[in-house]
Structures are given as structure tokens and as C-alpha cells.
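First residue of the sequence shown? That's 283 in this note's numbering, and the numbers climb one at a time after it.
Glycine included, C-beta positions come from ideal geometry on N, C-alpha and C.
So the structure is just underneath, and the comments pick up after that.
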Amino acid sequence: MNNYIKSDFFRLHKKKLSYVITLFLAVLIVALAVVLEYFAQTEADFPYGNNRFYYSNVFGMSGLSLLIICFLATYLLWKDRLIIPTSISLGIDRRTIFIGKFIVTFIHFLIVVLILGSVTYLAGEFILTDKNETVTLNFLISLSNMLPLLISALALCYSATFIFNNEITAIVIVFLFYRGLALLIFGLSNVNENVSFIREYVPASAMDQLIIDFMNGTAQINIINWIINLLIAVAVLFVGLKVVEKKDFT
283 MNNYIKSDFF RLHKKKLSYV ITLFLAVLIV ALAVVLEYFA QTEADFPYGN
333 NRFYYSNVFG MSGLSLLIIC FLATYLLWKD RLIIPTSISL GIDRRTIFIG
383 KFIVTFIHFL IVVLILGSVT YLAGEFILTD KNETVTLNFL ISLSNMLPLL
433 ISALALCYSA TFIFNNEITA IVIVFLFYRG LALLIFGLSN VNENVSFIRE
483 YVPASAMDQL IIDFMNGTAQ INIINWIINL LIAVAVLFVG LKVVEKKDFT
């Protein structure tokens, strides 16, 4: 397992696209703060030159966040899926392949999220002059509530890519689960009030709730959110592993 993980880290290190995209996103994050501060200084009564609006973009663009997560989930699997049959023929068991690649993918995910999260926080604190400490605290709490949602989305996309052997299918499944399901539950809750009870426990609805809690200044650490999404991550990885153990890669 250790040798396989090391070889995957080496292959990951050689891939340059992740560096380029991470740098590009970091530059965009800083550029947004610079533009907002510029207009705040040059336009009278400009309402968006503050850290509240700036940080809200993180939670308001959940679709973009899911796309980034799907990219990270499938990044190591793109062309590497073609060499999985060779790895199996060399005696590497499927469990090692599935778990090993996910460990590398998860560490890569944590690094990218840490970089982009840190850049966002620092830009909001040091570039924007109109800032509020309460807003910053709410931002950090909301980020902590967003993390388990991203982890479960990462696990779902990773497992779906292995199961269906297709990145597009995996991405569609993730968006149906984290965006489409929210619309379905919202519609059902208007018909049956009992459905609204489970609404807050569904990841799709929890993702929508992030921006609401942040803008209202009512963000709190959501332990239930962590438990549910970690259970989802474990469940989809378990299903993915069981499918991979029986899957024909020839």
C-alpha cells in the first residue's frame, strides 16, 4: 500500500494542470478583492466593497465549488484508469488501488482547499478595508460547515468515476445529489410539511443553508452536518470498493 501511494504521489506531482488551476483560482480570488476595494475607494456609496459580500461568494457559488471538487476527485484517475489493468496483472490488489488512490486524492484535495481558503481569508482581511470581525468569524464557521459537504462530494464523485468508468457521469450524479435533490425536497416540502423536517439533514439543503446562515450572521458549528456527510462519504466509498473488487477492468 505504501509503495503504491508513493508512486501515485509521484504521478500526481508530475501533473501540472492542478498547479495551473489552483494558481489561476488564487489569482481570481485576490483580483476580486482588489476590484471591490478599488470601487469602494472610488465610487460613493458602493455597497459591495466589504468582507461580508466578498466572503459570501464562497457559499453563493456552490455549483463552482462542486465543479472544483469533481475536478480534484477525478484528477488522478483520468488517464491512470488505463493502467489499472496493468497494475492488477502485476499483483496489486483492487483494494490497494481504490484506497491508495483515494488517500492521495484526499490529501491533494485538502492541500488545494487549504490554499484557496487561506487566500480568500487573507485577501478579505488585508485588501478590503471595510471589514467586520463578526463577519470574519461567521465566515470561518461557515467554512467549517462547508468542509464535510465537500468531503462527501469528493467521495461520491471518486466512487462514481470508478463504478461507471466515466467522469461526466460522475459529475452529473454529484450535481443531481447536491443541487437537484435540493429542488426536489423544496418542491415536496410545499406539498407535504413532513418533508421539511428532513430538509435540514440533506446535504443538498445544507449547502443552500450555508449562504443563508452566513448572510444572517447566524452560522454555528453544525455537528450533525459533519456526522451525516462523513457517513455519506464512508458509505459511498464502501459501495465503490465493493464494486471495484468485482469489476472487470480488462
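Selection from the options that minimises the alpha carbon distance to residue i
i	options	result
A313	Y336, S344, Q502, Q323	Y336
V484	S434, P329, Q323	S434
L436	N332, A486, I351, L299	I351
I311	T402, I409, R481	T402
A501	L349, S338, A515, A517	S338
S487	L358, I450, R363, M428	M428
I509	V456, I385, S426, W360	S426
I389	H295, F408, A517	H295
I409	V456, P430, Q323, Y460	Q323
F380	T451, A405, V454, Y286	Y286
Exposure of residue i, with buried meaning 16 or more beta-carbon neighbours within 10 Å
i	result
N420	buried
T387	buried
F496	buried
L356	The question names Leu, but residue 356 is Thr in the sequence shown. Buried.
P367	exposed
Y320	exposed
L305	exposed
E527	exposed
S347	buried
K361	exposed
Cβ-Cβ separation, residue j to residue i (assumed contact under 8 Å), whole Å
i	j	result
N333	V417	5 Å
D358	D290	Strictly speaking, residue 358 in this sequence is Leu, with Asp absent from that position. With a Cβ gap of about 6 Å, L358 and D290 count as contacting.
L438	F457	L438 to F457, Cβ: 11 Å. No contact.
S441	V521	6 Å
Closer than 8 Å to chain D by CB, residue i
i	result
V516	Protein chain content of the structure displayed is limited to a single chain, and chain D is not contained in it.
If you scan the segment 343 to 397 from start to end, which runs of the alpha helix (DSSP H) of 4 or more residues do you find wholly inside it? Given a length threshold of 4 residues, each whole run of the alpha helix (DSSP H) inside the segment 343 to 397 is given here in chain order: 344 to 356, 366 to 371.
Does the structure place the segment 488 to 495 close enough to the segment 372 to 388 that three or more beta carbon pairs sit under 8 Å? Contact fails between the segment 372 to 388 and the segment 488 to 495, because fewer than three Cβ pairs, one in each stretch, are under 8 Å apart.
Across the segment 463 to 470 and the segment 440 to 454, are there enough close Cβ pairs to call them in contact, namely three or more that are closer than 8 Å? Segments in contact, no.
Just checking, does the segment 385 to 399 make contact with the segment 322 to 331 on the three C-beta pairs under 8 Å criterion? They do not touch, by the three-pair rule.
Quick one: which unbroken alpha helix (DSSP H) runs of 4-plus residues sit fully inside the segment 420 to 475? Chain order, please. The DSSP assignment places 449 to 457, 463 to 473 as complete runs of the alpha helix (DSSP H) inside the segment 420 to 475, in order along the chain (cut-off: 4 residues).
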